[in-house]
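Quick note on numbering: the sequence shown equals residues 1 to 722 in UniProt numbering.
Ideal Cβ positions, reconstructed from N, Cα and C, are used throughout, including at glycine.
Data first, discussion second: the structure below is written as structure tokens.
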Amino acid sequence: MDPAQIAQQFLNYSSRNVFLTGKAGTGKTTFLRELAEHCHKSFIVVAPTGVAALNAGGVTIHSQFLFPLGSFLPEGSATQYPNQNFFDRSALSRRHPLNAARKQVLQGIDLLVIDEVSMCRADLLDAIDQRLRQARRKNKAFGGVQLLMIGDLYQLPPIVSDHEWQVLSAYYKGMHFFHSRALEASGFVQVELQKVYRQQDDAFVSLLNKIRHDRIEEEDLAKLNERCINDVPKDAIHLVTHRHQAQKINQSRLDELAGQVYTYSAKVQGDFPERNYPTSDELKLKVGARVMFLKNDSEEGAYYNGKLAEVTELDKEAIWVQMEDEDHFKVPLDTWKNSRYKLDEDKQNLEEEVLGQYTQFPLRLAWAITIHKSQGLSFDQAVIDLGKAFAPGQAYVALTRLRSLEGLYLSSPLQRSALLISREAQEFSRMNEDLDTLASLDQARSEYQLNYLLECFDWQDWYYSYRDFFQDNYEKLKLKETGFSTRFEQLEKNLELLMKHARKFQGQIYDLMNSDQSAELEERLAKARAYFLPHLQDWLVEVLSLKGEYGQLKRTKQLLEAMDLVPQKAFQYYLRIFQLNDQLQFLKGKGDLQFEDTSLSKSRLWEEIKAKVPEPNLPKAKGAKNQKGETYKQTYRLIEAGLSPEAIAEKRSLTVSTIYRHCQKALKEGILEIDEILTKERLESLEALFDPGLDRNAYQWSQAHPQYHQDLWRLFLLSRSK
């Protein structure tokens, strides 16, 4: 089993935290990019910086967890340091609380992926631990969430100032992520990717390994210094230690070129912080300029992040470049997204919500870039200036950007002092290199099977989240005045009774697992599934019904958002028990989960439950005499008056889904025809997309053609079945 497969096994079949590491060019980024294809767990991706988050396809740690600026104190109060930027556990919960949307996301994940973890400080991981405990109401390390940490300790380290370390040194042995208190308590397995894909020259790989492990000898240093060559290829990129050095070289080389300067301004839409701009918002170019692509070409594969090119033609709107051994190429505009994760209420799946977009040509001047910006890139040729190297790992990062020793050109002889390697990183690696990771996998699998089954029936966080919502909002909800009090109280009683039975069953699971009675366990699980599912479904239908009815009252938007957490938490357990048999067989290695089907099954189940929710039936206030079916009749009258379902929803302050349900009822009962509800143009568009040979439901049609939502497809399909 190769290291990537071992990592996948730990992620799928255990709850152990995983540190995925490896030398530069061993495929860490590829592993992350393909994670969704190999992992059945729900996960989000975060990274310590905006650039790293964009490259990883995730969000920054601070934006996902809503952390304030400053350092986290794992114990004690930050008030003892009034003039310094520290925050503590109390400040997180009181002054910087999570909103409902962030809580929903964190409650819905099984796995948290942290990319470029080598740049994360120990106190940042402990702040994450605290936030997850609070959001998930679980007093376990990281709230019971598994971590996948990806990075290389021999590359750029975390940054801590002297005044911060004066305080934090009382709590931590060091600032690398592995000194996190939560991580030390929960532990992790280290999986190191071995095969180097970037460099094919064995001698060069050996030399880089010696630098990595601080075993370089005088003859190795002499071999490197043979690359101090004055005759540098014109096309070679310069890697420098400081940003001002790169800016100076790039501006100087641009000024040397004859011809007109063309300026291309970025287009920024919505919320996209300036500090996260991936390119210059004012890109200045001339014909002959050396440029580097900053993104992969997702469609044609014509370019990739780090590919060099020369500008051959410019006008006000377009850029043409020449890449090595390739034709004249017109560079397309590209768009970066500033996103956050949110829970899709209709599908109960985690999705990305785009807050803002940044559109610009994916290019930067590339006669020179900083070593920091070069991390993750590969070059055939580079001029490297390490004369001002100031951080451990800088030289290693720079040298590992090259595919071969022949492509290296040193601007000055290397001194041994420039080849700084973090002593902490070396010590950590020595402690972990002899551990037999694979040997612990079987035990991890057994532990995970037991814990997974026990957690399927551990509903304490669900109960407390419901009780807190009920108690915190009792007065705001005006339950007595609106007539909802009895039903909310009955929901709590029903949940208490279900929890009592679930706790008893947990004891049976524990006994059967420990006595290795596999056949009897599967039989008992099947019976438990048959018992609990109908009860959980009834509970969900009732709470959704309450939410729908309460949503008809005025001034309830914030309370409805708070109420969203209640069915979401219940549905998590309903889904787990529904998928119990398939999941158990998968964990035992006897079956294979289709991850796309799992997501589809989740959405389908949610739709089936929502379909059982009756139309809102508000308790009548004194003196009110609503006629039966009046809400439907109002919709029918407005349809006949020529209003669209969307316009009616806005006019009546109802959801679009509610109006479409009214229309479905009218269609079924023959009160309205489909051409009275939908315009001729919309019907023709749907007919053109529809293929009767495909056996799809409304959700699947909406996924295939997202320009039309699920309720519209459901109405259309109903009209065709009549």
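Within 10 angstroms of its Cβ, does residue i collect 16 or more other Cβ (buried), or is it exposed?
i	result
N250	buried
I648	buried
T400	buried
P48	buried
residue 726	In this structure the chain extends from 1 to 722, so residue 726 is not present and cannot be described.
P645	buried
Q583	buried
G623	For G623, the pLDDT reaches just 41, beneath the cut-off of 50, and the residue's location in the model is therefore unreliable, leaving the point undetermined.
L694	exposed
H229	It is worth fixing the name first, because residue 229 is Ile in this sequence and not His. Classification for I229: exposed.
D334	buried
residue 742	Here the chain has residues from 1 to 722 only, and residue 742 is not among them.
K620	Because the pLDDT of K620 is 48, which lies under 50, any placement of that residue in the model is unreliable, and the number read from its coordinates should be weighed accordingly. Per the 10 Å Cβ criterion, exposed.
residue 723	A question about residue 723 goes unanswered here, because the residues of the chain that appear run from 1 up to 722.
G629	exposed
T79	exposed
I677	buried
R133	buried
Y573	buried
N626	Note on N626: pLDDT 46, under 50, position unreliable in the model; no value is reported.
S412	exposed
Y550	buried
Tell me the DSSP secondary structure of residue i in three-state form.
i	result
A418	helix
Q322	strand
A127	helix
F690	coil
F72	strand
I384	strand
Y636	helix
L193	strand
K620	Reliability of the predicted coordinates at K620 is poor, the pLDDT of 48 falling under 50, and the value obtained from them is presented with this limitation in mind. In this structure, K620 counts as coil in the three-state DSSP scheme.
D115	strand
M292	strand
N626	At N626 the pLDDT is 46, less than 50, meaning the model places this residue with poor confidence and gives no usable figure here.
Q572	helix
I109	coil
E673	coil
F595	Note that F595 has pLDDT 45, beneath the 50 cutoff, so the model's placement of it is unreliable and the number below is only indicative. If DSSP states are grouped into helix, strand and coil, F595 belongs with the helices.
A24	coil
L285	strand
M499	helix
F361	coil
S265	strand
Q710	helix
E465	Here residue 465 is Ser; the residue named in the question, Glu, does not match the sequence. Looking at S465 - three-state DSSP - the assignment turns out to be helix.
G270	strand
R555	Residue placement at R555 cannot be trusted, given a pLDDT of 49 that sits under 50; the coordinates are not used to answer.
Look at the Cβ atom of residue i, then the Cβ atom of residue j, and state whether they are nearer than 9 angstroms.
i	j	result
F19	F188	yes
I237	A24	no
G548	P616	yes
V105	M149	no
F67	R131	yes
D123	L73	yes
R290	A309	yes
L498	Y466	no
G144	S339	no
E192	T370	no
L112	V46	yes
L283	F361	yes
W539	L491	yes
K138	D461	yes
R227	L405	yes
Using 9 angstroms as the limit for Cβ to Cβ distance, is residue i near chain B?
i	result
R137	Here chain B cannot be found, since the structure has a single protein chain.
Whether or not the segment 259 to 277 and the segment 313 to 331 are in contact is what I'm after, with contact meaning three or more pairs of Cβ atoms, one per stretch, closer than 8 angstroms; do they touch? Inter-segment contact for the segment 313 to 331 and the segment 259 to 277 is present: three or more beta-carbon pairs are separated by less than 8 angstroms.
Please go through the segment 223 to 262 and give each complete alpha helix (DSSP H) segment of 4 or more residues, from N-terminal end onward. Within the segment 223 to 262, the runs of alpha helix (DSSP H) at least 4 residues long that lie entirely inside it are, in chain order, 243 to 256.
Can we say the segment 269 to 278 touches the segment 419 to 430, given the rule of at least three CB pairs closer than 8 angstroms? No, the segment 269 to 278 does not touch the segment 419 to 430.
Three CB pairs or more closer than 8 angstroms across the segment 90 to 99 and the segment 31 to 42: No, they do not touch.
Let me know the beta strand (DSSP E) ranges lying completely inside the segment 421 to 463, each 3 residues or longer, listed in chain order. Those beta strand (DSSP E) runs which fall completely within the segment 421 to 463 and span 3+ residues do not exist here.
For the 8 angstroms Cβ check, are there 3 or more pairs between the segment 444 to 455 and the segment 207 to 222? Contact check between the segment 444 to 455 and the segment 207 to 222: fewer than three CB pairs, one atom from each, fall below 8 angstroms, which does not count as touching.
Given 8 angstroms as the limit, is there contact between the segment 656 to 665 and the segment 701 to 719, that is, 3 or more CB pairs closer than that? Look at the beta carbons and you see the segment 656 to 665 touching the segment 701 to 719: at least three pairs across the two are nearer than 8 angstroms.
Whole alpha helix (DSSP H) runs in the segment 159 to 218 with 4 or more residues, listed along the chain? List check, alpha helix (DSSP H) in window: 162 to 168, 181 to 186, 202 to 212.
Complete runs of the alpha helix (DSSP H) confined to the segment 513 to 550 [at least 4 residues]: Fully enclosed alpha helix (DSSP H) runs of 4 or longer: 518 to 550.
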